[in-house]
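Numbered according to the numbering used here, the sequence shown terminates at residue 89, and the numbering increases by one at each position without gaps.
Glycine residues also receive a C-beta, built at the ideal position from the N, C-alpha and C atoms.
All figures in this text were calculated on a predicted structure; none of them were measured in a lab.
First up is the structure itself, then whatever we jot down about it.
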Amino acid sequence: MSLHQRYRMRTPSTGREIILQAEPGRTYLDRETGEELEVVAQLLPLAPTPSDLPWTVDNLRICNWCNQFAQKDLNDCPTCGRRMAPLDR
1 MSLHQRYRMR
11 TPSTGREIIL
21 QAEPGRTYLD
31 RETGEELEVV
41 AQLLPLAPTP
51 SDLPWTVDNL
61 RICNWCNQFA
71 QKDLNDCPTC
81 GRRMAPLDR
């Protein structure tokens, strides 16, 4: 279970973006330019979460019970709590 929130952060001068688990109140610097990174967005799902996958089309599937989105790495649906059908590979 992931307890830390992940953020998309950007270097203002270059536009380079990274995703990292950040803690409130800490300053994060770009390793190439030394500039302070600015927060662009929080990634879904919000912490704490049983999944480490971000909510993107490639990482989601639909629960066969409640028809809600869930990450592919979960066995139980976070919405209804039921065991989801196996993935088709």
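{"Query": "Per DSSP, the bridge partner or partners of V39", "Result": "M9"}
{"Query": "Rounded Cβ spacing between T27 and E36 (contact assumed at less than 8 Å)", "Result": "6 Å"}
{"Query": "Neighbour-count burial assignment, P45, 16 or more Cβ in a 10 Å radius", "Result": "buried"}
{"Query": "Proximity below 8 Å, CB of R61 to CB of L29", "Result": "no"}
{"Query": "Segment limits, beta strand (DSSP E) that includes A70", "Result": "F69 to Q71"}
{"Query": "Which listed residue (C77, V40 and G15) has its alpha carbon closest to that of T33", "Result": "G15"}
{"Query": "Distance between D52 and D104 (C-alpha atoms, nearest Å)", "Result": "Coverage of the chain is limited to positions 1 through 89, which leaves residue 104 absent and any answer about it impossible."}
{"Query": "Helix, strand or coil at D76 [DSSP, three-state]", "Result": "strand"}
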